[in-house]
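Numbering (this note's numbering), first residue to last: 46 to 583.
Where a beta carbon is used, it is the ideal one built from N, C-alpha and C, also for glycine.
First up is the structure itself, then whatever we jot down about it.
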Ligand code: F6P
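See the structure below:
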């Protein structure tokens, strides 16, 4: 048996024991549990003690990480090797957030000079827009940006803005991703074209949704300002020539590189709209926070490495205990978009069934992830988390100091975060419920019916991630933490986390169906598809 096979077998055995054991019983057995399973990294604190693993299980998981050669894989990632083999590319998002003077290489080619030059151009442009030195076609300063992009060209910037935007921004930032025209219509409503900049972000500059929205926004500008309004167009792309052909002035096209994956790209010029609307200093602080997490991931021993342990906790649940769904609940309204962001990061990166060499993966891979801000989620899906038939591990995020508003409301928010984690783990026994109902004088038949319904099985795992404040640096560290966690999981499963072939078929078929809806020749389809095309033909 190979070292890796033995490590996976050890995980199954450890999980077998974990299934029959209560998480809360481990605290008495393991006096150092809280200390060992609480980590600090780049300004974040992570408590993994409410996970179902024992201290010995943690060792088993660390052995699995060693057998999968996680450290060597990480070093290849940082060395700029071609870790995305199916597309022949490195994945070097860490280079984007390294301080000036670094020397990162993508497949041997130095890249830090270009990264710095782009950052300098972003800083200069952001400053000029904010000061009014770069203004609209009529001379009015820009008061709004409409950011157009989808997937990795949307979810990160949208999350950044929601997390860090001031209450009364000098420049309002709106987003349009969906090809559903309703979203762009909403984004443009109430804006004055003379004061509005349109930033189109697309790595490929071929994405149907983005080009459709970019054309509509360009037409909206031109309808009121004429062709001079093309000076309001800005683009970010790894194919800058396509952006220029679209009509974006050459000096307003910002590049990035094929070694930046879409879902890892907020650190590049993809974050330009945010850098303008927040001010470049905030963007730079976000990069610095992510860089601190990069350093932690690169240098911390596996035992205290936050991305590694977060990944191992997930794999213990996913592969050991067979849990296919996980939830992420930030107790911070400003992080309410974290779950949609993670859906792309984790599910597009690791939702794969074959290895990087095309062999079937012998283990289940990425879990489905969902979530919403706490406390809102408590009034929606927490019923299932506490009493549903499936155990859904939860990542609970909390921010100690609220950014704004009533401090007593913030304390209530934190109380809920702590209480939910406790309730998930501890639960409430049937005996306790029965005693309470008996004391309340309820008849035995009612107690028999009610007690099971009001019992909480508990023993439901959570990780608790604490930020002192939601400032740009801690926010950057948070996102980088999850990026590296996702990478580690990919290494454990032996998959390429940086390609996304699974999104291609739907795009190809949509192009074909579009041709048919627009009156082109009918193709061969199954009866259900053919009926839908006939029904929806305009
Ligand atoms: O959904 C597939 C995808 O390729 C994502 O990986 C990417 O983030 C998104 O489309 C947008 O692509 P682009 O930035 O090239 O428009």
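Check                                                                                                                                  : Outcome
Residue 195: CB within 6 Å of a non-hydrogen atom of ligand 1                                                                          : yes
Cβ contact check for the region 542-558 and the region 391-403: 3 or more pairs under 8 Å                                              : yes
Exposed unless 16 or more other CB atoms sit within 10 angstroms - verdict on residue 199                                              : buried
Rounded straight-line distance, which links the Cα of residue 502 to that of residue 472                                               : 5 Å
Status (buried if at least 16 other CB within 10 Å, exposed otherwise) for residue 245                                                 : buried
Burial state of residue 463 (16 or more Cβ within 10 Å)                                                                                : exposed
Closest Cα partner of residue 262 within the set 488, 514 and 232                                                                      : 232
Span of the alpha helix (DSSP H), counted from its first residue to its last, around residue 51                                        : 48-64
Contact with chain C by residue 553, beta-carbon distance below 7 Å                                                                    : Among the protein chains of the structure shown there is no chain C, as only one such chain exists.
One or two residues paired with residue 192 in a DSSP bridge                                                                           : 220 and 244
Residue 187 and residue 203 closer than 7 Å at C-beta                                                                                  : no
Supposed contact pair residue 314 and residue 167 - C-beta distance, whole angstroms, cut 8 Å                                          : 6 Å
Distance, residue 432 Cα to residue 496 Cα                                                                                             : 13 Å
Exposed unless 16 or more other CB atoms sit within 10 angstroms - verdict on residue 530                                              : buried
Distance cut-off 6 Å: residue 542 Cβ against heavy atoms of ligand 1                                                                   : no
Whole-number beta carbon distance between residue 74 and residue 334, since they are thought to touch under 8 Å                        : Not confirmed; about 37 Å, so no contact.
Cα-Cα separation between residue 584 and residue 448, rounded to whole angstroms                                                       : Beyond the ends of the chain as shown, which are 46 and 583, falls residue 584; an answer cannot be given.
Nonlocal neighbours in the same chain, by C-beta distance under 6 Å from residue 586, ignoring five residues either side               : Outside the shown range of the chain (46 to 583) lies residue 586, about which nothing can therefore be said.
Residue 195 and residue 255 closer than 7 Å at C-beta                                                                                  : yes
Among 551, 509, 563 and 576, nearest to residue 39 - alpha-carbon criterion                                                            : With the chain covering only 46 through 583, there is no way to say anything about residue 39.
Check: residue 545 C-beta below 6 Å from any heavy atom of ligand 2                                                                    : As presented, the structure is devoid of ligand 2, carrying ligand 1 as its sole ligands.
Contacts around residue 557, its chain only, beta-carbon distance under 7 Å, and the 5 residues preceding and following it disregarded : 568
Same chain only: Cβ atoms within 6 Å of residue 92, ignoring 5 sequence neighbours per side                                            : 83 and 509
Cutoff 6 Å; reference residue 561; Cβ partners in own chain excluding five residues on either side                                     : 567 and 578
Residue environment, residue 580, which counts as buried when at least 16 other CB atoms sit within 10 Å                               : exposed
Sequence-distant residues of the same chain with beta carbon closer than 8 Å to residue 470, five excluded per side                    : 68, 69, 95, 503, 504, 505, 506 and 507
Member of 230, 279, 136 and 265 whose CA lies at the smallest distance from the CA of residue 174                                      : 279
Sub-7 Å separation of residue 353 and residue 416 beta-carbons                                                                         : no
Best match in 72, 78 and 107 for proximity to residue 52 [C-alpha to C-alpha]                                                          : 107
Buried or exposed (CB count within 10 angstroms, at least 16 for buried), residue 586                                                  : Since the displayed the chain opens at 46 and closes at 583, residue 586 lies outside it and no answer follows.
Beta-carbon contacts of residue 49 that lie in its chain and below 6 Å, excluding the five residues immediately before and after       : 112
Beta-carbon proximity of residue 136 to residue 156, cut-off 7 Å                                                                       : no
Three-state class that DSSP yields for residue 350 in the structure shown                                                              : coil
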